[in-house]
Amino acid sequence: MKNVFLFSVIAVFSSVYTALGQSYANEATYEIAVLQYRGGGDWYSNPTSLPNLVEFCNSELGMNISPEVPYVEVSSSDLSLYPFVHMTGHGNVVFSTAEAKNIRRYLIAGGFLHISDNYGLDAYVRKEFVKVFPELDWIEIPFNHAVYHQTFDFDSGLPKIHEHDNLPPRGLGLFHNGRLVCFYDTECDLGDGWEDFQVHRDPESVRLAALQMGANLIQFAMGGEVE
3 MKNVFLFSVI
13 AVFSSVYTAL
23 GQSYANEATY
33 EIAVLQYRGG
43 GDWYSNPTSL
53 PNLVEFCNSE
63 LGMNISPEVP
73 YVEVSSSDLS
83 LYPFVHMTGH
93 GNVVFSTAEA
103 KNIRRYLIAG
113 GFLHISDNYG
123 LDAYVRKEFV
133 KVFPELDWIE
143 IPFNHAVYHQ
153 TFDFDSGLPK
163 IHEHDNLPPR
173 GLGLFHNGRL
183 VCFYDTECDL
193 GDGWEDFQVH
203 RDPESVRLAA
213 LQMGANLIQF
223 AMGGEVE
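In structure tokens:
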């Protein structure tokens, strides 16, 4: 009788541990986040963009990113929890000295920031990032850079998502000690291409190109490369 009881207890604990193991295996490996900044700009625009990009990365590339996409404040120490942070909007951006130092610390420590100009962000981004990296200039990223050649190849650089000023899309970067720490798309509106179809009704080919380029950004942020 004692042996029967013992085996029953072992069986129960084994099933519990198995269930826990399966649960942990199904948990997302990491999260990505949207940057919440001050100044009045709509940091919260494109609410469906990152969830759709995450879904694409998980389904097409087998990445294990959490479907929950939190907002993280510029001043928060939680920045360090996210290997990839996305920033967008149409208007003003203001960084305090402490906030600029926090972003700088995050990026130097290995974080990655993607900025997508939703049209109207450019002047503010350039002004405020002087506070973050006063010693660095925005550099036009060459088309042979690894960020354009992860799973998906973009031999001509960024895809054009929305016209705006009818100028070619530009991918600009900040490099710290040879590492691309911030990728900035302007005259492109990459994040708009990740939104639900009914928001902008972009052709499927345009949306796919945007998602593929976004996936490249996340893959690059995870692996990185020093020039």
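Everything in the sequence shown is counted per this note's numbering, starting at 3 for the first residue and increasing by one.
By construction, the Cβ of each residue, glycine as well, lies at the ideal position given by its N, Cα and C atoms.
Asked, Found
"Counted within 10 angstroms of its Cβ, other Cβ atoms place Asn66 as buried (16 or more) or exposed", "exposed"
"Residue burial classification, Val149 (beta-carbon count within 10 angstroms, cutoff 16)", "buried"
"For Met89, the residue or residues it bridges with in DSSP", "Ile117"
"Inter-residue CB distance, Asn94 and Ser77 (contact presumed, cutoff 8 Å)", "Not a contact, Cβ separation roughly 17 Å."
"Spatial distance of Ala212 from Ser79 (CA atoms)", "30 Å"
"N- and C-terminal bounds of the beta strand (DSSP E) containing Glu206", "Element bounds for Glu206: not the beta strand (DSSP E) but the alpha helix (DSSP H), 206-225."
"C-beta contact flag for Leu55 and Gly159 at 7 Å", "no"
"Any alpha helix (DSSP H) of 4 or more consecutive residues that is wholly inside the region 126-209", "199-202"
"Tyr108 in three-state terms, based on DSSP", "helix"
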